Amino acid sequence: MTPKQIIAQLQVRGLLELVDDVCARRGVTRLELCGHQRSQAIAAARHELWWLMREHPERYYSFPEIARLFSKHHTTVRQGVAAHRRRHPPAQQRHAQPARAGA
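The end of the sequence shown is residue 111 by our numbering, with every number in the run present.
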């Protein structure tokens with residue numbers, strides 16, 4: 009699947025806003041994020057997107073679903089999400105967690 013096809017599939021699922029947020033924060037383009045380049049900056053951005061897709065309470069996707077979207081093996085996605093968690097411990101990942109009443 010080409011990066012443009014991946015972007016089209018993300019658009020169908022209403023995920024382009026999430027993609028654009030990651031791109032803006034990380035300084036990469038949609039095509040880079042959805043492409044095959046493996047530079048550290050692009051891979052870290054891709055891992056963050058996969059983590060957000062996996063963990064976001066309103067946009068949960070399984071590892072196989074994310075892998076199919078990006079033409080990757082599900083273990084690649086799982087390892088990418090794990091790498092993001094190692095780089096960003098839970099205290100830094102609170103932005104994706106819903107606010108809790110009384111907290």
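Beta carbons are placed, not taken as given, at the ideal position from N, Cα and C, and that holds for glycine.
Since the model is a prediction, treat every value here as computed from it, not as a measurement.
Are the CB atoms of Leu41 and Leu57 nearer to each other than 8 Å?
Sequence index remark: in the sequence shown, residue 41 carries index 33 (1-based). Sequence index remark: in the sequence shown, residue 57 carries index 49 (1-based). Contact flag set, yes.
Reduced DSSP category for Thr37 - H, G, I as helix; E, B as strand; rest coil:
Working through the sequence shown from its first residue, we reach residue 37 at position 29. DSSP, reduced to helix, strand and coil, places Thr37 outside both helices and strands of the structure shown, so it counts as coil.
Where the alpha helix (DSSP H) through Gln45 begins and ends:
Counting from one through the sequence shown, the residue named residue 45 turns up at place 37. Annotation for Gln45: no alpha helix (DSSP H) segment contains it, and DSSP assigns it neither H nor E.
With 16 other Cβ atoms within 10 Å as the buried cut-off, status of Ala90
As a working mapping, residue 90 is identified with position 82 in the sequence shown. Exposed.
In the DSSP assignment, find the unbroken alpha helix (DSSP H) run with Lys66 in it and report its ends.
Here residue 66 refers to the residue found at position 58 when the sequence shown is read from its first residue. Correcting the residue type first, residue 66 is Glu in the shown sequence and not Lys. Segment: none, Glu66 is in no alpha helix (DSSP H) and carries neither H nor E.
Below 8 Å CB to CB, which residues in the same chain sit around Ser37 once its five sequence neighbours on both sides are set aside?
Position 29 of the sequence shown, counted from the start, is the residue given in the question as residue 37. Going by the sequence as given, residue 37 is Thr instead of Ser. Taking Thr37 as the centre and dropping the five residues before and after it, the same chain places the C-beta of Cys31 closer than 8 Å to its C-beta, in chain order.
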